[in-house]
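Engineer:
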Ligand code: NAD
Ligand code: DAU
């Protein structure tokens, strides 16, 4: 492993992975390949922009010529694919871009990887492919039951990865991460959205009764899990990366408010997300057997995260303009009005 193409590396988790890899493996070259959609942000990579083992290329994983050129120019031997449309609510409003990137883009990337003779292909997937888990914990052999257009597009991409392993013998591994949070997360996802709104004393639209359960994973633990699977995962296998810390959304929101010293009266129950999965929960024994363990508890990680958003207004205030405000209006205006 020498030259690693990190697709989607200007987003939240991909940029954390790029920062982690450039520091941890000075002998590897990390080439971030990213379309820079609304969620891609070069500010996320500022801290490594002068590192000798880091490069950035702008491109779309669904653009065959651009992918081919990047693989050839940088003599790539390894691909780690984070590139995706990643927000469930946006997939409910319009799923076009999800099919383009999460399905077609993954196919193009796999096909070019095969033709280029890539030695290792890690695909970043999600616990949402398992669907709503009413009780117990998903294991890697469970069948898929995705419920949102986002989750279905991720499941589609993952099945293409499987087919390139079985049919073409590509050396693939897949990770399925749980709800991830931390620095540089685009402020449309629950925690960064609520933290940044609460700093400004705005109402926080909690879907339904707020009793949905998610398994919270700190971003640094997610990227160390991906590193473990990249180096030690068995070809053809998938690995769950779980925080193993299940919490109700309403409790997560209240913990965050108390850290910020803001009142719980900011919370506003609004009409639920359509098709909203009630609970995600995964078993993580298979990854643990490779030697991985979580380094941060939820309580430590949420404190670090709240502090980061408090101290880095330069990063999120410029995002919360333009397209972001249009999206906010489409997603929340009617919901908040209905809750009045
Ligand atoms: P993100 O939305 O913050 O970042 C996605 C990145 O992909 C952006 O930089 C964007 O510009 C880029 N991108 C989008 N379409 C592209 C295309 N066609 N070609 C090239 N680049 C493109 O997402 P994230 O939260 O960092 O998630 C990264 C990956 O991890 C995704 O595959 C997601 O499904 C998966 N995942 C996320 C979580 C989570 O809680 N955030 C949990 C499990 C798995
Ligand atoms: O589980 C892994 C997945 O986690 C990833 O695959 C996705 O990319 C990532 O976006 C995330 O999906 P969720 O839908 O779970 O995350 P989100 O932050 O959108 O919502 C978390 C929970 O909070 C969910 O139950 C919906 C609820 N929520 C969310 C928002 C944005 C609210 O109640 N109000 C909100 O405004």
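In the working numbering, the protein residues as written are 8 to 347.
From the three backbone atoms N, C-alpha and C, an ideal C-beta is built for every residue, glycine too.
The structure displayed is predicted, hence computed values, not measured ones.
If we count the other Cβ atoms within 10 Å of its Cβ and call it buried at 16 or more, is residue 298 buried or exposed?
Structural biologist: exposed
Engineer: Ligand 1 and residue 15: does the residue's C-beta get closer than 6 angstroms to at least one heavy atom of that ligand?
Structural biologist: yes
Engineer: How would you write the range of the alpha helix (DSSP H) that residue 238 sits in, first residue to last?
Structural biologist: 226-239
Engineer: State whether the region 139-158 contacts the region 280-300, with contact taken as three or more CB pairs (one from each stretch) at a distance under 8 angstroms.
Structural biologist: Two segments are said to touch when three or more pairs of C-beta atoms, one from each, lie closer than 8 angstroms; by this definition the region 139-158 touches the region 280-300.
Engineer: Quick check on residue 241: buried or exposed, where buried means 16 or more other Cβ atoms within 10 Å of its Cβ?
Structural biologist: exposed
Engineer: Along the chain, where does the beta strand (DSSP E) that runs through residue 245 open and close?
Structural biologist: Here the beta strand (DSSP E) through residue 245 covers 245-248.
Engineer: Since residue 132 is in the beta strand (DSSP E), which residue starts that stretch and which ends it?
Structural biologist: From DSSP, the beta strand (DSSP E) with residue 132 extends over 127-133.
Engineer: Mapping the DSSP letters down to three states, classify residue 64 as helix, strand or coil.
Structural biologist: strand
Engineer: Given a cut-off of 7 angstroms on the beta-carbon distance, is the pair residue 228 and residue 302 in contact?
Structural biologist: yes
Engineer: Since residue 262 is in the alpha helix (DSSP H), which residue starts that stretch and which ends it?
Structural biologist: 256-267
Engineer: Return yes when at least one heavy atom of ligand 3 lies under 6 angstroms from the C-beta of residue 134, else no.
Structural biologist: In the structure shown, ligand 3 is absent; the only ligands present are ligand 1 and ligand 2.
Engineer: Give a yes or no on whether the C-beta atoms belonging to residue 41 and residue 17 are separated by under 7 angstroms.
Structural biologist: yes
Engineer: Assuming residue 172 is part of the alpha helix (DSSP H), what are its boundary residues?
Structural biologist: 156-175
Engineer: If we ignore side chains and look at the alpha-carbon of each, how far apart do residue 254 and residue 37 end up?
Structural biologist: Going from the Cα of residue 254 to the Cα of residue 37 covers about 35 angstroms.
Engineer: Is the CB-CB distance between residue 69 and residue 112 below 7 angstroms?
Structural biologist: yes
Engineer: Residue 289 by DSSP, collapsed to three states: which one?
Structural biologist: strand
Engineer: Using the C-alpha atoms, what's the distance from residue 123 back to residue 320?
Structural biologist: 42 angstroms
Engineer: Enumerated in chain order, which unbroken segments of the alpha helix (DSSP H) with a length of 4 residues or greater are wholly contained in the region 185-228?
Structural biologist: Whole alpha helix (DSSP H) segments, 4+ residues: 197-206.
Engineer: Sorted by chain position, which residues of the same chain lie with C-beta nearer than 6 angstroms to residue 215's C-beta, five sequence neighbours on each side aside?
Structural biologist: 279
Engineer: Name the residue from 29, 9, 12 whose alpha carbon lies nearest to the alpha carbon of residue 231.
Structural biologist: 29
Engineer: Rounding to the nearest angstrom, what Cα-Cα distance links residue 171 and residue 56 in this structure?
Structural biologist: Here the C-alpha atom of residue 171 lies approximately 34 angstroms from the C-alpha atom of residue 56.
Engineer: Contact defined as beta carbons within less than 8 angstroms: I believe residue 294 pairs with residue 247. What is the distance between those atoms, to the nearest angstrom?
Structural biologist: Contact between residue 294 and residue 247 holds, with the beta-carbon distance rounding to 6 angstroms and staying under 8 angstroms.
Engineer: Please determine, among 78, 146, 103, the residue with the shortest C-alpha to C-alpha distance to residue 115.
Structural biologist: 78
Engineer: Under 7 angstroms between the Cβ atoms of residue 181 and residue 90?
Structural biologist: no
Engineer: Please find out if some non-hydrogen atom of ligand 1 comes closer than 6 angstroms to the beta-carbon of residue 67.
Structural biologist: Taking the Cβ of residue 67 as the reference point, at least one heavy atom of ligand 1 falls within a distance shorter than 6 angstroms.
Engineer: Is residue 163 buried or exposed, if buried means 16 or more other CB atoms sit within 10 Å of its CB?
Structural biologist: Buried is the label assigned to residue 163, since at least 16 other Cβ atoms lie within 10 Å of its Cβ.
Engineer: Can residue 203 and residue 161 be called in contact, C-beta distance under 7 angstroms?
Structural biologist: no
Engineer: Compare the beta carbon distance of residue 98 and residue 156 with 7 angstroms and say whether it is the shorter of the two.
Structural biologist: yes
Engineer: Measuring alpha carbon to alpha carbon, tell me which of 129, 135, 207 ends up nearest residue 169.
Structural biologist: 129
Engineer: Taking the beta carbon of residue 101 as the centre, do at least 16 other beta carbons fall within 10 Å, making it buried, or is it exposed?
Structural biologist: The C-beta of residue 101 has fewer than 16 other C-beta atoms within 10 Å across all chains shown, which makes the residue exposed.
Engineer: On a CA-only basis, which of 219, 121, 218, 190 is nearest residue 173? Give me that one, please.
Structural biologist: Of the candidates 219, 121, 218, 190, the one whose C-alpha sits nearest the C-alpha of residue 173 is 121.
Engineer: Please go through the same chain and pick out, in chain order, the residues whose beta-carbon is closer than 7 angstroms to the beta-carbon of residue 271, but skip the five residues on each side of it.
Structural biologist: 261, 264
Engineer: Measuring alpha carbon to alpha carbon, tell me which of 81, 85, 108, 87 ends up nearest residue 94.
Structural biologist: 108
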